[in-house]
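See structure below.
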């Protein structure tokens, strides 16, 4: 992997498409926003599939949302003075090798391993509760 290859816990700029937007017929994310690469898996064709969850400044009260601590905002290259949340029950799936949306130069930082595991644990809770909304992009 090169330095620009996606890695678990990376924070990237990405045109995230919310599930409610996709359900309304939209196919493009309305704006680039920071996302965290929460899961990296291989599909049947051995292609790398990214599962990305959004980071937002809109306050979240869902049990599947995590407020980003100041130290993690700094590590990830995010604004440390702004309150930010990770929405762990919304995910975009994309395949970087053939993506129209994932751009390798858009990496902005990386969360720590322990914080990334916390995000993954909340995603798994959402998945088990059948609350994880996944939108395919690639």
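In the numbering used here, the protein residues as written are 314 to 451.
In this text, a Cβ means the ideal position worked out from N, Cα and C, and glycines have one as well.
Do the CB positions of residue 367 and residue 403 come within less than 7 Å of each other?
Working through the chain shown from its first residue, we reach residue 367 at position 54. Working through the chain shown from its first residue, we reach residue 403 at position 90. Cβ distance < 7 Å, so residue 367 and residue 403 count as in contact.
Using CA coordinates, which residue listed in 418, 398, 362, 420 is at the minimum distance from residue 435?
As a first step, residue 435 is located in the chain shown; it is residue number 122 there, counting from the start. For residue 435, the nearest C-alpha among the options comes from 398.
Report the three-state DSSP secondary structure of residue 326 (helix, strand or coil).
Here residue 326 corresponds to residue number 13 of the chain shown, with the count starting at 1. Strand, per DSSP.
Please go through the stretch 350-393 and give each complete beta strand (DSSP E) segment of 3 or more residues, from N-terminal end onward.
Counting only runs of 3 or more, we get 361-369, 378-380.
Can you grab the Cα-Cα spacing for the pair residue 444 / residue 431, in whole Å?
If you number the chain shown from 1, residue 444 lands on position 131. If you number the chain shown from 1, residue 431 lands on position 118. So the two alpha carbons sit approximately 17 Å from each other.
Our contact map puts residue 354 next to residue 348 with C-beta atoms below 8 Å; I'd like the distance itself, whole angstroms only.
Along the chain shown, read from residue 1 onward, the residue named residue 354 stands at position 41. Along the chain shown, read from residue 1 onward, the residue named residue 348 stands at position 35. With a Cβ gap of about 16 Å, residue 354 and residue 348 do not count as contacting.
Could you work out which residue in 419, 437, 406 is closest to residue 356 when comparing CA atoms only?
Here residue 356 refers to the residue found at position 43 of the chain shown. Checked all of 419, 437, 406; the closest Cα to residue 356 is 406.
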